[in-house]
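**Q** This is the structure, below, for whatever I ask next.
Protein chains: 2
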Amino acid sequence: MPTPHYGQPRYRAIADELRNRIEGGIIPPGTLLPAESKLTAEFRASRGTIRQAIAILREEGLTATEHGRGTYVKTDMRSSSAHRQTGSDVQQSIISADAYLAALFQVDMGAEIIETEVISRTADKVVSVTRTYRLPR
Amino acid sequence: MPTPHYGQPRYRAIADELRNRIEGGIIPPGTLLPAESKLTAEFRASRGTIRQAIAILREEGLTATEHGRGTYVKTDMRSSSAHRQTGSDVQQSIISADAYLAALFQVDMGAEIIETEVISRTADKVVSVTRTYRLPR
DNA sequence: AGAAATTTGTCCGTATGTATC
DNA sequence: AGATACATACGGACAAATTTC
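This is the structure in structure tokens:
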């Protein structure tokens, strides 16, 4: 049971399987996925592993999850996909240092800096936006 | 990615960063820290490392963790504080919302937004620069 | 209207294997 | 060899939102 992580990890395999069912129409848009507890039984994986798999689908924009309700398949508006606002909370990107940051970090202007943006919401309302800059390590 | 721990270990650096955010008011007393899973994403560290960092804050009495709920910042009654050795500059200003922030906060462009900047240093070197935006109330 | 069951969210502790300093 | 850190995985427990009875 422990962790033979040769090759592909289990949560990825499970995500693949679920994705296939969604795209194959077995789990139609708008309907709920089986509860996490059902999925642990079916795949004989721990809940954490199941949740990792679902997290992948959520990042891909295939599903959305609501506390106390479940995870449902998004009614796919595929034309607009892939761009912006998948609603993920943490975004990282590499920017180049402006004069201010360069001076602080004691690097040249234009040097690579990692920017992390965290958007925190409560009840779908944005409460704060935090951007953290640090040097790559 | 693996383990260049020149000087101070990762979990200590992360603890310092979180402490600075707390003392800088970015994470106000009474509010919850981001979940372990969010912190692993933001700092790109493993769960074990994040948990070590939070353990430090807990030992310092800065935070308390409730099982199943989260880790919140304690309402610090003893402001004797003595200003820890790792320094941080905090600066607050009012800016006007650009298109991006306006959209997130659902306000008009140009609306007032409070920006808090925390510069954390360890041994006179800037470790991170964090800017937090929130609405006035 | 209220209690119970369901379901997701989060934390706890532990374990294994890999890799680097 | 030991400390640090990563990724993966398990099982358990409590918290909170939603649904069902």
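Just so you know, the protein sequences line up as chains A and B, in that order.
Quick note on numbering that gives the first Met the number 0: the first sequence kicks off at 0 and runs consecutively.
Quick note on numbering that gives the first Met the number 0: the second sequence kicks off at 0 and runs consecutively.
Every residue, glycine too, gets a C-beta built ideally from N, C-alpha and C.
If you follow the beta strand (DSSP E) that I112 (chain B) is part of, which residue opens it and which one closes it?
**A** Indexing the second sequence from 1 puts residue 112 (chain B) at position 113. 111–121 is the extent of the beta strand (DSSP E) around I112 (chain B).
**Q** For L56 (chain A) and A102 (chain B), I'd like the C-alpha separation in whole angstroms.
**A** Sequence index remark: in the first sequence, residue 56 (chain A) carries index 57 (1-based). Sequence index remark: in the second sequence, residue 102 (chain B) carries index 103 (1-based). The straight-line gap from Cα to Cα measures roughly 26 Å.
**Q** Tell me, to the nearest whole angstrom, how far the beta carbon of Y132 (chain B) is from that of L100 (chain B); I am working on the premise that it is less than 8 Å.
**A** As a first step, residue 132 (chain B) must be located in the second sequence, where it is residue number 133. As a first step, residue 100 (chain B) must be located in the second sequence, where it is residue number 101. The distance from the Cβ of Y132 (chain B) to that of L100 (chain B) is about 6 Å, consistent with a contact at the 8 Å cut-off.
**Q** Could you check what DSSP says for E65 (chain B) in three-state terms: helix, strand or coil?
**A** The residue labelled residue 65 (chain B) in the question sits at position 66 within the second sequence. E65 (chain B): strand per DSSP, three-state reduction.
**Q** With 16 other CB atoms within 10 Å as the buried threshold, where does S127 (chain B) fall?
**A** Indexing the second sequence from 1 puts residue 127 (chain B) at position 128. Counting Cβ neighbours within 10 Å, S127 (chain B) comes out buried, since at least 16 surround it.
**Q** Looking at the strands, I want to know which residues DSSP matches up with Y10 (chain A).
**A** By one-based count along the first sequence, residue 10 (chain A) stands at place 11. According to DSSP, Y10 (chain A) bridges with nothing at all.
**Q** Could you tell me which of B:G29, B:T74, B:I118, B:R18 sits nearest to I53 (chain B), measuring between CA atoms?
**A** Counting from one through the second sequence, the residue named residue 53 (chain B) turns up at place 54. Per the Cα distances, B:R18.
**Q** Rounding to the nearest angstrom, what Cα-Cα distance links V125 (chain A) and I94 (chain B) in this structure?
**A** Residue numbering aside, residue 125 (chain A) sits at position 126 when the first sequence is read from its first letter. Residue numbering aside, residue 94 (chain B) sits at position 95 when the second sequence is read from its first letter. Their backbone Cα atoms lie some 17 Å apart in a straight line.
**Q** Helix, strand or coil for D97 (chain B)? Go by DSSP, reduced to three states.
**A** Along the second sequence, one-based indexing puts residue 97 (chain B) at 98. Of the three classes helix, strand and coil, the one that applies to D97 (chain B) here is coil, per DSSP.
**Q** Quick test of your reading: T115 (chain A) and E35 (chain B), contact by CB under 8 Å. State the CB separation rounded to the nearest angstrom.
**A** Taking the first sequence and counting its residues from 1, the one referred to as residue 115 (chain A) is at position 116. Taking the second sequence and counting its residues from 1, the one referred to as residue 35 (chain B) is at position 36. Rounded, the Cβ-Cβ distance is 16 Å, inconsistent with contact.
**Q** Look at I13 (chain A) and T48 (chain A) and say whether their C-beta atoms are less than 8 Å apart.
**A** Here residue 13 (chain A) refers to the residue found at position 14 of the first sequence. Here residue 48 (chain A) refers to the residue found at position 49 of the first sequence. Cβ atoms of I13 (chain A) and T48 (chain A): closer than 8 Å.
**Q** Put K37 (chain A) into one of helix, strand or coil per three-state DSSP.
**A** Looking up residue 37 (chain A) in the first sequence gives position 38. Correct three-state label for K37 (chain A): helix.
**Q** I'd like to know whether the C-beta of V72 (chain B) is nearer than 8 Å to at least one C-beta of chain A.
**A** Here residue 72 (chain B) corresponds to residue number 73 of the second sequence, with the count starting at 1. The C-beta of V72 (chain B) comes no closer than 8 Å to any C-beta of chain A.
**Q** So, D97 (chain A) versus P28 (chain A), is the Cβ gap smaller than 8 Å?
**A** If you number the first sequence from 1, residue 97 (chain A) lands on position 98. If you number the first sequence from 1, residue 28 (chain A) lands on position 29. Taking 8 Å as the Cβ cut-off, D97 (chain A) and P28 (chain A) do not qualify as a contacting pair.
**Q** Answer yes or no: do T39 (chain A) and T129 (chain B) have a C-beta to C-beta separation smaller than 8 Å?
**A** Translated into the one-based positions of the first sequence, residue 39 (chain A) becomes position 40. Translated into the one-based positions of the second sequence, residue 129 (chain B) becomes position 130. No, Cβ-Cβ distance for T39 (chain A) and T129 (chain B) is not below 8 Å.
**Q** Is it buried or exposed for T62 (chain B), if we count other Cβ within 10 angstroms and need 16 for buried?
**A** Taking the second sequence and counting its residues from 1, the one referred to as residue 62 (chain B) is at position 63. It is buried - the Cβ of T62 (chain B) has at least 16 other Cβ atoms within 10 Å.
**Q** Comparing C-alpha positions only, which one of A:G6, A:S92, A:L31 sits nearest to I113 (chain A)?
**A** Within the first sequence, numbered from 1, the residue matching residue 113 (chain A) stands at position 114. Measuring C-alpha to C-alpha distances from I113 (chain A) to each of A:G6, A:S92, A:L31 identifies A:S92 as the nearest.
**Q** Inspect the beta-carbon positions of E117 (chain B) and V89 (chain B) and report whether they are closer than 8 Å.
**A** Locating residue 117 (chain B) in the second sequence gives position 118, counting from the first residue. Locating residue 89 (chain B) in the second sequence gives position 90, counting from the first residue. According to the sequence displayed, residue 117 (chain B) carries Val and not Glu. Yes, Cβ-Cβ distance for V117 (chain B) and V89 (chain B) is below 8 Å.
**Q** Would you please verify whether the beta carbon of Y132 (chain A) is less than 8 Å from any beta carbon of chain B?
**A** The residue you call residue 132 (chain A) lines up with position 133 of the first sequence. It does: the Cβ of Y132 (chain A) has a partner Cβ on chain B nearer than 8 Å.
**Q** Taking any Cβ of chain B, which residues in the stretch 108–127 of chain A have a Cβ under 8 Å from it, in chain order?
**A** T115, V117, I118, S119, K124, V125, V126, S127
**Q** Run down chain B in chain order and give the residues with a C-beta less than 7 Å from the C-beta of F104 (chain A).
**A** Here residue 104 (chain A) refers to the residue found at position 105 of the first sequence. Ordered by position in chain B, the residues that pass the 7 Å Cβ test against F104 (chain A) are V125.
**Q** Where does R9 (chain B) land, buried or exposed, given buried means 16+ other C-beta within 10 angstroms?
**A** One-based indexing of the second sequence puts residue 9 (chain B) at position 10. Counting Cβ neighbours within 10 Å, R9 (chain B) comes out buried, since at least 16 surround it.
**Q** How far does the beta strand (DSSP E) with R130 (chain B) in it reach, from first residue to last?
**A** For the purposes of this step, residue 130 (chain B) is identified with residue 131 of the second sequence, where counting begins at 1. Taken as a continuous stretch (DSSP letters only), the beta strand (DSSP E) holding R130 (chain B) covers 124–133.
**Q** If the cut is a Cβ gap below 7 Å, which residues of chain A does L100 (chain B) touch?
**A** Indexing the second sequence from 1 puts residue 100 (chain B) at position 101. Within 7 Å Cβ-Cβ: V128.
**Q** Using CA atoms only, rank isn't needed, just tell me which of B:R50, B:H66, B:L134, B:S119 is closest to E22 (chain B).
**A** In the second sequence, the residue the question calls residue 22 (chain B) occupies position 23. The shortest C-alpha separation from E22 (chain B) is found at B:S119.
**Q** Say whether chain A places a C-beta atom closer than 8 Å to the C-beta of E22 (chain B).
**A** The sequence position of residue 22 (chain B) within the second sequence is 23, counting from 1. No, because no Cβ of chain A sits closer than 8 Å to the Cβ of E22 (chain B).
**Q** In the DSSP output, what is Q51 (chain B) paired with across the bridge?
**A** Reading the second sequence from its first residue, position 52 is the one you call residue 51 (chain B). Here Q51 (chain B) is not bridged, per DSSP, to any residue.
**Q** Answer yes or no: does any C-beta atom of chain B fall closer than 8 Å to that of A14 (chain A)?
**A** Position 15 of the first sequence, counted from the first residue, corresponds to residue 14 (chain A). So, not an interface residue.
**Q** I'd like the list of long-range same chain contacts for M108 (chain A), defined as Cβ closer than 8 Å, with 5 residues on each side in sequence excluded.
**A** Here residue 108 (chain A) corresponds to residue number 109 of the first sequence, with the count starting at 1. Result list for M108 (chain A): S95, A96, D97, A98, A101, in chain order.
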